[in-house]
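Asks:
Residue numbers (this note's numbering): 270 to 351.
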């Protein structure tokens with residue numbers, strides 16, 4: 270009984286590092302990103318770190334962006350300072 274319990278514990282501990290492998294191995298080259306604001310209905314623009322416009326629209330929405338990039342997002346809505 271003690272050997273079985275120890276083996277189960279060792280097996281489970283061995284699997285813990287594999288929890289993040291799906292993120293590293295799979296997932297493709299793009300990821301869906303939810304854009305929300307409070308209040309809703311804000312206009313937004315998402316640009317890459319090089320300044321290329323990647324997406325624009327109105328919140329709330331979901332956009333698909335390439336992974337492994339940095340982005341800047343600008344939001345604007347009437348009655349609020351930028």
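We treat Cβ as the ideally placed atom computed from N, Cα and C, and that holds for glycine.
Using a beta-carbon distance below 8 Å, is residue 330 in contact with chain D?
Replies: You won't find chain D in this structure, because it holds only one protein chain.
Asks: DSSP three-state call for residue 298: helix, strand or coil?
Replies: Looking at residue 298 - three-state DSSP - the assignment turns out to be coil, as it is neither helix nor strand.
Asks: Kindly indicate the opening and closing residues of the beta strand (DSSP E) around residue 318.
Replies: Neither: residue 318 is in no beta strand (DSSP E) and is coded neither H nor E.
Asks: What would DSSP say about residue 349, mapped onto helix, strand or coil?
Replies: In this structure, residue 349 counts as coil in the three-state DSSP scheme.
Asks: Does the segment 311-319 come within contact of the segment 340-350, defined as at least 3 CB pairs closer than 8 Å?
Replies: Touching, yes.
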